[in-house]
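So for the sequence shown, the numbering used here puts the first residue at 34; every next one is plus one.
From the three backbone atoms N, C-alpha and C, an ideal C-beta is built for every residue, glycine too.
Note that this is a predicted model, so its numbers are computed, not measured.
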Amino acid sequence: MRRHNKVVLVFSFILVAMVACKKTGVPPDAASEPGKEIETRSSTEGEFTTLAFNTPIKLFDGGSGLYHSYRIPSIIRTKKGTLIAFCEARVDNNRDYGNINVICRRSATNGSGWGPEILVKSTSGTWGNPTAVVNQSDGKIWLFMSYNDAGLSQFGDNGTTKITQPGQRKTFVCYSTFDQDGNTWSTPVNITNIVKPANMVWDAMGPGIGIQKRFGATAGRLIIPASGRNIYSDNNGTTWQYESIPGGTSEGTIVERLTGVLMRNDRGVGSAGFYRYKSVGGIGTSWTDFEAVTALPDPHCQGSILRYTDSPSRILFMNSASQSTRTAMRIRISNDEGISWPTSKAIPQNGSGNAKLGGYSSMVKTADNMIGALIEFNENTSNSESSNRSIYFHKFNLAWF
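In structure tokens form, the structure reads like this:
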């Protein structure tokens with residue numbers, strides 16, 4: 034209840050400030066306090082004449098309840114306008130192995146209030162990499178997850194066994210119907226043999242979000258970015274298949290350009306330079322080789338991408354804009370379909386003093402045309418496995434840029 038009251042107070046302040054500025058004729062440059070600038074652009078899609086704001090809420094609080102840590106966020110808006118925030122709920126520590134569940138929380142109020150945690154999948158083992166997509170034709174929400182036994186891991190560290198066989202890392206999918214709207218979920222189905230190359234050992238969905246194509250002959254196609262490929266469905270999720278793309282990257286994001294062309298923006302791996310890596314193409318056609326985007330420095334971590342508006346064209350990208358740390362979160366806008374990223378702003382550290390906010394993220398456009406973002410938060414600024422990890426929900430408008 035206390036968290037909700039804070040949000041109400043913030044919005045009350047904004048409303049009062051808007052009225053005061055209108056009455057006193059405060060000019061656009063009169064406000065010098067960060068986050069309180071006045072937006073004066075004329076209204077278009079996704080724009081408002083309003084005060085700029087950024088309101089963070091700790092949505093998943095590591096160490097406060099059943100789970101030691103929360104990591105790897107994904108957020109979508111359903112056809113009903115509900116926000117659903119997914120993440121990994123890590124039972125024993127903050128590491129990528131062990132007993133990990135996938136959970137979600139729902140908001141029917143554009144992120145100002147949230148319901149309780151809902152268990153999507155829980156058994157012994159490592160469930161993770163939630164990657165969600167909404168089918169706008171029937172309102173069904175599809176959620177892809179990666180899975181392996183609790184004693185296995187990617188690198189075989191900390192007493193675990195390294196994954197060396199293709200069958201050890203699996204892909205599952207489940208859904209929630211339009212009527213259920215994320216309140217309940219189907220039993221996850223193992224579709225590894227359908228959507229994963231037979232010789233692939235390590236694998237990861239997203240993590241983050243998928244897309245539904247809106248342009249061209251294949252409009253309506255559901256697409257999930259995954260390691261080395263795109264998983265897709267042309268029949269509303271009844272069946273799924275995959276198509277490989279050029280290699281050399283790890284965790285992936287995807288966005289559709291207005292021409293119908295797809296763009297992957299992926300995490301670099303190994304000896305690759307510390308940047309984001311881009312490839313453009315289409316399913317059933319061809320893809321360019323991944324190339325470094327030098328305007329997007331990255332510490333080899335996950336990022337998130339989202340189309341915000343069509344006219345004018347705005348694509349948003351968020352990551353830790355650093356080649357050495359995950360705590361330099363920055364959001365950027367591209368007005369030329371992801372070719373350049375001239376406008377950006379750093380995400381504040383929530384007044385925590387130490388740099389704790391940063392890491393994996395996921396973005397959504399809310400029903401009230403704002404931007405919602407889930408961002409990881411380190412409670413203890415330590416890299417030890419005992420350091421609790423949480424996830425904040427940030428909501429801000431275009432004026433905040």
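Helix, strand or coil at residue i according to DSSP, with G and I counted as helix
{"i": "T4", "result": "An answer regarding residue 4 cannot be provided, because it is not within the stretch 34 to 434 covered by the chain."}
{"i": "L431", "result": "helix"}
{"i": "G314", "result": "strand"}
{"i": "Q201", "result": "helix"}
{"i": "A354", "result": "coil"}
{"i": "Q245", "result": "strand"}
{"i": "S304", "result": "coil"}
{"i": "M233", "result": "coil"}
{"i": "V294", "result": "coil"}
{"i": "D299", "result": "strand"}
{"i": "C120", "result": "strand"}
{"i": "Y130", "result": "coil"}
{"i": "H115", "result": "Before going further, note that residue 115 is Thr rather than His in the sequence given. Looking at T115 - three-state DSSP - the assignment turns out to be coil, as it is neither helix nor strand."}
{"i": "S420", "result": "coil"}
{"i": "I380", "result": "coil"}
{"i": "R340", "result": "strand"}
{"i": "L99", "result": "coil"}
{"i": "A252", "result": "coil"}
Residue i: first and last residue of the uninterrupted alpha helix (DSSP H) it sits in
{"i": "N226", "result": "T225 to V228"}
For residue j and residue i, believed in contact at Cβ under 8 Å, the rounded distance
{"i": "L207", "j": "T220", "result": "A small fix is needed here, since residue 207 is Cys in this sequence, not Leu. Between T220 and C207 the Cβ distance is about 7 Å, and since that is below 8 Å, they are a contact."}
{"i": "S170", "j": "N268", "result": "No, S170 and N268 are not in contact; Cβ-Cβ is about 11 Å, not under 8 Å."}
{"i": "G131", "j": "A183", "result": "5 Å"}
{"i": "G148", "j": "E412", "result": "Actually they are not in contact, since the Cβ atoms of G148 and E412 sit about 23 Å apart, beyond 8 Å."}
Delimiting residues of the beta strand (DSSP E) encompassing residue i
{"i": "G405", "result": "I404 to N411"}
{"i": "R104", "result": "S102 to R110"}
{"i": "P163", "result": "T159 to V167"}
{"i": "C334", "result": "Neither: C334 is in no beta strand (DSSP E) and is coded neither H nor E."}
{"i": "S367", "result": "M362 to S367"}
{"i": "T282", "result": "T282 to E289"}
{"i": "N87", "result": "N87 to F93"}
{"i": "P258", "result": "L255 to A259"}
{"i": "F177", "result": "I174 to N181"}
{"i": "F262", "result": "Looking at the sequence shown, residue 262 is not Phe but Arg. Where R262 is concerned, the enclosing beta strand (DSSP E) stretches over R262 to S266."}
{"i": "M396", "result": "L390 to K398"}
{"i": "L152", "result": "I151 to K154"}
Test item: CB-CB of residue i and residue j under 7 Å
{"i": "N298", "j": "T286", "result": "yes"}
{"i": "V228", "j": "W273", "result": "yes"}
{"i": "G27", "j": "T360", "result": "Here the chain has residues from 34 to 434 only, and residue 27 is not among them."}
{"i": "N127", "j": "S102", "result": "yes"}
{"i": "I348", "j": "V288", "result": "yes"}
{"i": "M238", "j": "T164", "result": "yes"}
{"i": "E150", "j": "R138", "result": "yes"}
{"i": "G293", "j": "F248", "result": "yes"}
{"i": "I256", "j": "Y265", "result": "yes"}
{"i": "R363", "j": "A388", "result": "no"}
{"i": "I91", "j": "S420", "result": "Per the sequence shown, residue 91 should be read as Lys rather than Ile. For K91 and S420, no; Cβs fall outside 7 Å."}
{"i": "D331", "j": "Y308", "result": "yes"}
Alpha-carbon spacing of residue i relative to residue j, whole angstroms
{"i": "R110", "j": "A400", "result": "8 Å"}
{"i": "V166", "j": "D190", "result": "32 Å"}
{"i": "N352", "j": "S394", "result": "7 Å"}
{"i": "D212", "j": "K113", "result": "9 Å"}
{"i": "Q124", "j": "F426", "result": "One point to set straight first is that residue 124 is Val, not Gln, in the sequence displayed. Using only the alpha carbons, I get a separation of about 21 Å."}
{"i": "A231", "j": "C120", "result": "28 Å"}
{"i": "Q201", "j": "I372", "result": "38 Å"}
{"i": "G317", "j": "E284", "result": "22 Å"}
{"i": "F434", "j": "G261", "result": "33 Å"}
{"i": "T217", "j": "N87", "result": "31 Å"}
The ligand SAM heavy atom lying under 6 Å from the CB of residue i
{"i": "T111", "result": "Here there are no bound small molecules, and the ligand SAM is not part of this structure."}
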